[in-house]
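First residue of the sequence shown: 87, per this note's numbering; consecutive thereafter. Every residue gets a Cβ at the ideal spot worked out from N, C-alpha and C, and that includes glycine. Every value quoted in this text rests on a predicted model; they were computed, and no experiment measured them. All remarks here apply to the structure that follows.
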Amino acid sequence: MKSGICPKCESDEVYKGDSRSPIGIQTSALHVQSAVTYICVACGYYEFSAFPGPDLDRVKNRFDKVAK
87 MKSGICPKCE SDEVYKGDSR SPIGIQTSAL HVQSAVTYIC VACGYYEFSA FPGPDLDRVK
147 NRFDKVAK
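Here it is, written out as structure tokens:
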């Protein structure tokens with residue numbers, strides 16, 4: 087998505103939200119891990135990447151790990 091092309095539908099209608107975007111990962115009542123968000127408005131596919139930092143470790147306690 088960073089290239090501006092959606093990997094699902096190959097549209098170039100991809101938009102980016104920065105760390106001020108309301109989409110983030112709440113790791114506790116007082117912490118929100120900021121993330122950069124990419125959204126394809128043609129098909130609705132989206133992805134985001136959390137910025138590295140101390141709050142990222144809290145994700146392990148708040149979310150379920152995906153099984154292989």
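In whole angstroms, what separates the C-alpha of residue i from that of residue j?
i	j	result
Ile109	Ser120	Residue confidence for Ile109 is low, a pLDDT of 49 falling below 50, so the modelled location carries little weight; the figure read from the coordinates is stated next. Spanning the two alpha carbons is a distance of roughly 8 Å.
Asn47	Tyr124	Lying before the first or after the last residue shown, residue 47 is absent from the chain, which here runs from 87 to 154.
Ala153	Asp98	32 Å
So residue i is in the beta strand (DSSP E); what residue range does that whole segment cover?
i	result
Lys102	100-103
Put residue i into one of helix, strand or coil per three-state DSSP.
i	result
Val122	strand
Pro140	helix
Using a Cβ-Cβ cutoff of less than 7 Å, which residues in the same chain neighbour residue i once the five nearest sequence positions on both sides are dropped?
i	result
Ser107	Because Ser107 carries a pLDDT of 49, less than 50, the predicted location of this residue cannot be relied on, and the following value inherits that uncertainty. Thr123, listed in sequence order.
Identify the residues that DSSP records as bridge partners of residue i: which are they?
i	result
Ser135	Val122
Starting from residue i and walking both ways along the alpha helix (DSSP H), at which residues does that stretch end?
i	result
Lys146	145-148
By Cβ distance, which residues of its chain are closer than 6 Å to residue i, with the 5 residues on each side in sequence left out?
i	result
Cys92	Val100, Cys126, Tyr131
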